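Below: the structure, in structure tokens.
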Amino acid sequence: MSQPLLKVRQAKKVYTMGDEKVWALKGVDLDIHQGEFVAIMGSSGSGKSTMMNLLGCLDIASEGSIAFAGQELSTLSKNELASVRNQRIGFVFQQFNLLPRTSALDNVTLPLLYSKVPEADWHSRARQCLESVGLASRMDHHPGQLSGGQQQRVAIARALINDPLMILADEPTGALDTQTGLEVMALFQGLNQQGKTIILVTHEPEIAQFAKRKLTFRDGELISDEQNTNVRQAALEGNV
211 MSQPLLKVRQ AKKVYTMGDE KVWALKGVDL DIHQGEFVAI MGSSGSGKST
261 MMNLLGCLDI ASEGSIAFAG QELSTLSKNE LASVRNQRIG FVFQQFNLLP
311 RTSALDNVTL PLLYSKVPEA DWHSRARQCL ESVGLASRMD HHPGQLSGGQ
361 QQRVAIARAL INDPLMILAD EPTGALDTQT GLEVMALFQG LNQQGKTIIL
411 VTHEPEIAQF AKRKLTFRDG ELISDEQNTN VRQAALEGNV
């Protein structure tokens, strides 16, 4: 099998609260390969959010090692980690995090501010990404003129703008109604079919069923790692 995109070995994360140490992760081993669609599950306090932060280069492990695309993250400076986040990972959050007085097109271009892409190419790239998520006719709209589902599509287009190796989605359907959530999950499944690696963080088992592999955390430990033998098909369920 090919080298994993993410290779986690005995990853631990400890937080100091006064005189007390709280172990958010207690030694996790994990491989994620290019092209996988993985759901990370767990209740509040399970360690899933801490694991997401480590995989997304938003934090570093207290102990152990995490390699992303063959690069050991603990050896990188803050600026180097920021570059990995911007260039190689696309983020999608529950609260869309769009600039309210900025068009959908310009919201999508924001990650390019820190890239080497010539400014002359920014809008053409952003248009392609918005077209890919079905928003060709909404490019000039501001977030307040868009529905929740459309705003999340803008956020997905923004996550795609640098052609990342991986998309990390944190509760992406949490602020959406059921039908709109199905539309968003259909988008993620379509991107995965095109070869994109998707890591979905959710506390909802029914949402995790859209992924091909499910990881379950409890009390800082990875207690289950299983292939999903009954993947839900969002496009069929939502008629999208």
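Just so we're on the same page, this note's numbering is the position in the sequence shown counted from 1, plus 210. Where a beta carbon is used, it is the ideal one built from N, C-alpha and C, also for glycine. In this text the structure is predicted, and so the values were computed from the model without any measurement.
Asked	Found
Please tell me whether residue 327 and residue 335 are closer than 8 Å, where the distance is taken between their beta carbons.	yes
By Cβ distance, which residues of its chain are closer than 8 Å to residue 356, with the 5 residues on each side in sequence left out?	314, 348, 364
Beta strand (DSSP E) containing residue 302: first to last residue?	299-303
Please report how far the alpha carbon of residue 319 lies from the alpha carbon of residue 412, in whole angstroms.	27 Å
Please state whether DSSP places residue 421 in a helix, a strand or coil.	coil
Since I believe residue 264 is in contact with residue 250 (beta carbons under 8 Å), could you give me their beta-carbon distance rounded to a whole number of angstroms?	Contact flag wrong, Cβ pair sits at about 11 Å.
Assign residue 368 to one of two classes, buried (16 or more other C-beta atoms within 10 Å of its C-beta) or exposed (fewer than that).	buried
Would you mind working out which of 324, 309, 405 sits nearest residue 291, comparing C-alpha positions?	324
Less than 8 Å between the CB atoms is what I'm expecting for residue 382 and residue 302, so what's the real figure, rounded?	5 Å
Cβ atoms of residue 433 and residue 401: under 8 Å apart, would you say?	no
How long is the line joining the alpha carbons of residue 428 and residue 420, rounded to whole angstroms?	21 Å
Short check: CB of residue 215 to CB of residue 279, under 8 Å?	yes
Given this structure, state the Cα-to-Cα distance separating residue 389 from residue 445, to the nearest angstrom.	10 Å
Over the uninterrupted beta strand (DSSP E) stretch that includes residue 340, give me the two end residues.	Not the beta strand (DSSP E): residue 340 falls in the alpha helix (DSSP H), residues 332-342.
Using three-state DSSP, classify residue 366 as helix, strand or coil.	helix
Determine the burial state of residue 387: buried for a count of at least 16 other Cβ atoms within 10 Å of its Cβ, exposed for fewer.	exposed
Taking only runs that begin and end inside the segment 344-397, name each unbroken alpha helix (DSSP H) of 4 or more residues, in chain order.	358-370
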